[in-house]
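Here my numbering = 1-based position in the sequence shown + 666. For each residue, glycine too, the CB sits at the ideal point set by N, CA and C. Keep in mind the model is a prediction, meaning the values are calculated, not measured. Contents: one structure, followed by commentary.
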Amino acid sequence: MALLQLVQGERTGEVFPISGQRVVIGRDPSCDVVLSVPAVSRRHAAIVQIADRFYLEDLESKNGTFLNGVLVGGMTELREGDLIDVCDTVFRFVVEEWDESRKGAAAPSDEEKDQWNLARTAVTPPEFPILPEEGEEPEPWVVATLTANPDDSTVRLGSNLPRKLRGVVELSQSICSQLRLSEVEPRIVNSLLRIFPQAEAAALLLVDPETNELRVSSIKYRHKELADDAQAPVSRTIARRAMETREAILSADSRTDIRFSDVESVIVRKVGAMICAPLVGRAPKPVGAVQVTTSQTGDKFTAQDLDILVTIATPFTLAVENARLHEEVVRQRDLAQAQAEALKRSNEDLERFSYSISHDLQAPLRAIRFHCEELLDQFEDQPESQVYYRVKRIQDGAMRLRRMIRDLLEYSRISSRGDVFTSVDFDDVIDEALRNLEPQIAQAGAKVTRGAMPELAADRGQMVRLLQNLIANAIQYRADRPLEIEIRADVEDDACTFSVHDNGMGIPDDQLDRVFELFERLHTEEEIPGSGAGLAIAKRIVERHGGRIWVESQLGEGSTFYFTLPNRTIEP
């Protein structure tokens, strides 16, 4: 007994005995094997028995019949295990004795599928369509819908997999290679018109990320006389429906489609036959939709067209998302660059202003100091008088202002007037800093120790100033006990961390963030003299060298100032 087992299709596993000399496969209810698939012809193919042999005959079907992936021309003899493909419904021909246990075990293997798909590629014309039977009137409402989940793309490719995959890959490479959305958009609509020659218009609709409004981003017309956007056969309502349901839509006549019959734009714009697919990607919601339309009605688009549109919608989506991501990266880069340039100009202006103010204040300040000294000389025999006291206060204030101007001038020059980096021996740097502070160290009775020091690329003068300021800070804020200062350096691959530790007064926890601010003081001038600029200058020097500075302290126990410098050297 011979029979057909359905191994791919809606009723997979069903068995059809071949009884009689002719078994007809088709969509007509009178056929022996009825397939309710629109692409199948009414009388599509037949199995013919002549003596003890069986043959497959194509009954001049619209979409052809395939035997093991090869398009059948006339009558072709069947052999045990042959695969018969009728519009993606696949039967296995069996002539051996049938056993119920074989149900489900006769599905084609992956190797068989590849072989029959490759065979179909060799004989199938490039635009081999699946069309309804001539003379048939398609239903005026939606012909089909298809899930637009990108994860199902390989399943949707169905038969003829190698050819379709090559087309999708070529299309993906062409579109996804573009990084500008303005270049991606026209490529998408142009490719749609090439793929669907029956279309009058192709449109790309995208959701505006800022307004969340769906707009026609790009549209292409096959004929110039249709190039009127106001009357373009495109419907945003249909696109929104596809996006909301995440399903592609095929309609033979959108104007009489029961789901769109109340949509004014469909009537006004004369949207006839149409296919539309949402662009589903990484985002939670679709980024838009593609729509291919014609003002005519009827069988302009097929289920296979819808299948292809959904498949190519995936690379379209990736191209749009990649282009938008690239444009956002470029925008953020340009914004950051503009902000950096603005900040640089602002800093340069501030440095020039600080330098100018500091320089311009020097002359009147010198005049104040000169006249104070003149008045003090006149009243030197009356040191207890109010005049002497007030003039002395003015002179002291002028001296403090002079120190502040000097420090402000130095602070403003750190970035703009520093020396070039050279190879710096930090043992020499510490030696010079200690020589500069020799009187203060002797007066405080401080003991300074150090560990091994590295050689790094730096501005030597600023390094002396940096270490000198940190050591002077330890001397200035010493406690009522012998002062000990320890300087260490920890060299790692990328950076070197220096530390200056003292056993001085320490800093309250709530004041740690303030110590590096310019002219910020934790004590009054009467308690501890100083301008409050030393640590701010130290911070600016460290930042100019690409490092950072911070402090750890315990009130009453002492403080440790840390700073890092890049571990770079300069060859002599």
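As assigned by DSSP and simplified to three states, the class of residue i
| i | result |
| --- | --- |
| A1099 | helix |
| E851 | helix |
| A712 | strand |
| E1014 | helix |
| S857 | helix |
| G692 | strand |
| I885 | strand |
| M1070 | helix |
| L1178 | coil |
| P1105 | helix |
| F1045 | coil |
| Q864 | coil |
| R629 | Residue coverage of the chain in this structure runs from 667 to 1238, which leaves residue 629 outside it and unanswerable. |
| K951 | coil |
| D724 | strand |
| M741 | strand |
| V976 | helix |
| Q674 | strand |
| E1121 | strand |
Contact under 8 Å by Cβ, residue i with residue j
| i | j | result |
| --- | --- | --- |
| I941 | S920 | no |
| I1151 | V1114 | yes |
| L737 | F720 | no |
| G1200 | A1138 | yes |
| A1204 | L1184 | no |
| G675 | T755 | yes |
| L1149 | A1112 | yes |
| A711 | L725 | yes |
| I691 | L669 | no |
| I1207 | Y1228 | no |
| T1226 | H1167 | yes |
| D1094 | G1127 | no |
| I1141 | I1107 | yes |
Identified DSSP bridge partners for residue i
| i | result |
| --- | --- |
| Q957 | A869 and C942 |
| H1167 | E1152 and T1226 |
| F1087 | Answer by DSSP bridge pairing: none, since F1087 is not bridged. |
| S1219 | S1225 |
| T1162 | The sequence given here has Cys at residue 1162, not Thr. C1162 is bridged to V1157 and L1231. |
| G964 | The partner list for G964 (beta bridge, DSSP) is empty, contrary to what the question assumes. |
| D751 | F732 and V756 |
Environment of residue i [buried if 16+ CB atoms lie within 10 Å]
| i | result |
| --- | --- |
| Y1143 | buried |
| G730 | buried |
| G1063 | exposed |
| F1036 | exposed |
| M1119 | buried |
| D1179 | exposed |
| R677 | exposed |
| P1105 | exposed |
| P950 | exposed |
| E1218 | exposed |
| G735 | buried |
| R1032 | exposed |
| Y659 | Past the boundaries of the shown model lies residue 659; the chain is included only from 667 to 1238, so the question cannot be answered. |
| P981 | buried |
| E1158 | exposed |
| Q1109 | exposed |
| F1019 | exposed |
| I974 | buried |
| M909 | buried |
Nearest-angstrom beta carbon gap, residue j and residue i [assumed within contact, 8 Å]
| i | j | result |
| --- | --- | --- |
| T983 | V929 | At roughly 25 Å, the Cβ-Cβ gap does not stay under 8 Å, so T983 and V929 are not in contact. |
| A1155 | G1212 | No, A1155 and G1212 are not in contact; Cβ-Cβ is about 17 Å, not under 8 Å. |
| C1162 | L1231 | 5 Å |
| G1239 | Q1220 | Only positions 667 to 1238 of the chain appear in this structure, which leaves residue 1239 out of reach. |
| S961 | V932 | Going by Cβ atoms, the distance from S961 to V932 rounds to 11 Å, so no, they are not a contact pair. |
| I854 | V956 | 7 Å |
| A939 | A918 | 5 Å |
| I1071 | L1027 | 5 Å |
| M1065 | V1090 | About 33 Å; that fails the 8 Å criterion. |
| L872 | R906 | Not confirmed; about 12 Å, so no contact. |
| T959 | P863 | Not a contact, Cβ separation roughly 14 Å. |
Residue i at chain D interface by Cβ criterion, 8 Å
| i | result |
| --- | --- |
| D973 | In summary, chain D is missing from the structure at hand, where a single protein chain is found. |
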